[in-house]
Amino acid sequence: MPASPRIFTIGHSNHDHATFLRLLLTNQVECLVDVRRFPGSRKHPQFNKEELAAFLSQHGIDYRWLGEALGGSRTGGYEQFTRSEEFQSGIQELEGLARCRTVAVMCAEADYRGCHRRFIADTLCRRGWNIFHIQSSGKVIPHQGALL
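Whatever position you read off the sequence shown (first residue = 1), add 2 for the numbering used here.
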């Protein structure tokens, strides 16, 4: 693992392809990890799983879907789900991807504080990762999460 291991998060929000790509490339993201449990969008079809994967591939960015293991909308709430073996396995897979390249964890919401990405970020922080959130404006902010 690098001396200062880091993982980004990003929300696709209502961005067009060009804006979203600029946010990723500006931060040298090499792999986008989609943590939407249901990886599609009627309002923003450019973020449907297959279309997004093909678009990113054209620009040299790998796409991985980990929505089965890390996606939201869980019975009993997401915070409880973070204690499951399924979640821990997903975190380990995410860490494996992030050890060898720059990764961004993506869901739909622009603000991580209103998204299950905050729980993923809290967990990764506790495991020694530096987490940064790419904002719609392009600003990158460090994770301000639960106390370690």
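Beta carbons: idealized from backbone N, C-alpha and C, even for Gly.
query                                                                                                                                             : result
Ignoring anything shorter than 4 residues or poking outside the segment 82-143, list the alpha helix (DSSP H) runs there in chain order.          : 87-100, 119-128
Three-state secondary structure (DSSP) at residue 10?                                                                                             : strand
Taking the straight line between their C-alpha atoms, what separation do you get for residue 120 and residue 45?                                  : 24 Å
Taking Cβ to Cβ, would you say residue 127 is nearer than 8 Å to residue 13?                                                                      : no
For the segment 56-70 and the segment 7-27, state whether three or more C-beta atom pairs, one from each stretch, are separated by less than 8 Å. : yes
Residue 25 by DSSP, collapsed to three states: which one?                                                                                         : helix
Out of curiosity, what's the CA-to-CA distance linking residue 143 and residue 78?                                                                : 30 Å
Of the residues 83, 114, 80, 97, which one's Cα is nearest the Cα of residue 66?                                                                  : 97
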